[in-house]
Amino acid sequence: MALQALQSSGVAFRKILSHFPEELSLAFAYGSGVYRQAGPSSDQKNAMLDFVFTVDDPVAWHSKNLKKNWNHYSFLKVLGPRFITTVQNNYGAGVYYNPLIMCDGRLIKYGIISTSVLIEDLLNWNNLYIAGRLQKPVKIVAMNENVTLRSALDKNLKSAVTAAFLMLPESFSEEDLFIEIARLSYSGQ
521 MALQALQSSG
531 VAFRKILSHF
541 PEELSLAFAY
551 GSGVYRQAGP
561 SSDQKNAMLD
571 FVFTVDDPVA
581 WHSKNLKKNW
591 NHYSFLKVLG
601 PRFITTVQNN
611 YGAGVYYNPL
621 IMCDGRLIKY
631 GIISTSVLIE
641 DLLNWNNLYI
651 AGRLQKPVKI
661 VAMNENVTLR
671 SALDKNLKSA
681 VTAAFLMLPE
691 SFSEEDLFIE
701 IARLSYSGQ
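At the far end of the sequence shown sits residue 709, using the numbering used here, and the numbering has no gaps.
1. Along the chain, where does the alpha helix (DSSP H) that runs through N585 open and close?
2. Determine the burial state of W590: buried for a count of at least 16 other Cβ atoms within 10 Å of its Cβ, exposed for fewer.
3. Does the beta-carbon of D641 have 16 or more other beta-carbons within 10 angstroms, so that it is buried, or is it exposed?
4. Under three-state DSSP, which class holds L596?
5. Nearest CA to the CA of A680: which residue from W581, F595, G553, L643?
6. Going by DSSP, what residues sit across from V572 in a beta bridge?
7. For T668, count the other beta carbons within 10 Å of its own beta carbon; 16 or more makes it buried, fewer makes it exposed. Which is it?
8. Going by DSSP, name the residue or residues bridged to M622.
In structure tokens:
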């Protein structure tokens, strides 16, 4: 399925995506490499770019990515895409990360998560790792027409606001609300 690059995504992000298999249901970037952050060491130009790629078939995606980007993987690459997917699905939060990768002159890391695992986390907060990340600012780089995924993304945000309301006192500011949502989202990390 061809990706629909969204209007708001930057050329640099789309160029980086071109180095990976296209079978993505969602790709987003996050963190200090994407959004300017306060502080003395906020050199955004050299900050690592963080991505998450959501895929319908992790075995097929890893298989294609191993052919394109063999050097991105740790020693697990010699065990093949099925083993990598087993590690991805059975350990941690259902995400397999390839860190410290040079791509188009930028240092990146990228995580791969199954679409079904992400939808489960968005709806049920099973581990709140990627669902929590998606409650903070992210830059959607590509998204296909998966209605179930889009609905789950929306429900995750509404649930975060509802949970934050329940944790706040009767009177609170807008800033208090956003801080509470951020606090909630970090509980999964």
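Positions of the beta carbon are idealized from the N, C-alpha and C atoms, including for glycine.
Values in this document were obtained by computation on a predicted structure and should not be read as measured data.
On the basis of the supplied data:
1. Residues 578-588.
2. Note on W590: under 16 other CB atoms within 10 angstroms of its CB, so exposed under the neighbour-count rule.
3. By the C-beta density criterion, D641 is buried, having at least 16 other C-beta atoms within 10 angstroms.
4. Here L596 sits in helix by DSSP.
5. Among W581, F595, G553, L643, the Cα nearest to that of A680 is on L643.
6. DSSP, once it has assigned bridges, lists F548, G631 as partnering V572.
7. T668 should be labelled exposed.
8. Answer is L627.
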